[in-house]
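Shown next, in structure tokens, is the structure this report addresses.
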């Protein structure tokens with residue numbers, strides 16, 4: 029189970045029925061799938077930026093292939 033916040037009593041209740049609680053880090057881009065897409069998009073934009081007069085055209089070009 030994943031929790032953002034909960035009371036200690038709730039954790040004890042969950043553990044008392046045999047479940048194990050694992051805590052995630054506050055923020056981890058490795059666990060957020062959208063971060064992988066943003067990484068790829070930014071890299072593609074960097075590759076084609078020189079081919080276009082402005083950044084908006086480069087972004088539009090890259091987004092066509094998603």
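In the working numbering, the protein residues as written are 29 to 94.
Cβ coordinates follow ideal geometry from the N, Cα and C atoms, glycine included.
is_contact[residue 65, chain B] using C-beta, thresh 9 Å: Among the chains of the structure shown, chain B does not appear; only one protein chain is present.
Extent of the continuous alpha helix (DSSP H) run through residue 61: Within the chain shown, residue 61 is the residue found at index 33, counting from 1. For residue 61, the enclosing alpha helix (DSSP H) starts and ends at 61 to 76.
Whole-Å CB distance - residue 69 paired with residue 90, under 8 Å assumed: Position 41 of the chain shown holds residue 69. Position 62 of the chain shown holds residue 90. About 6 Å separates the two Cβ atoms, so the contact holds.
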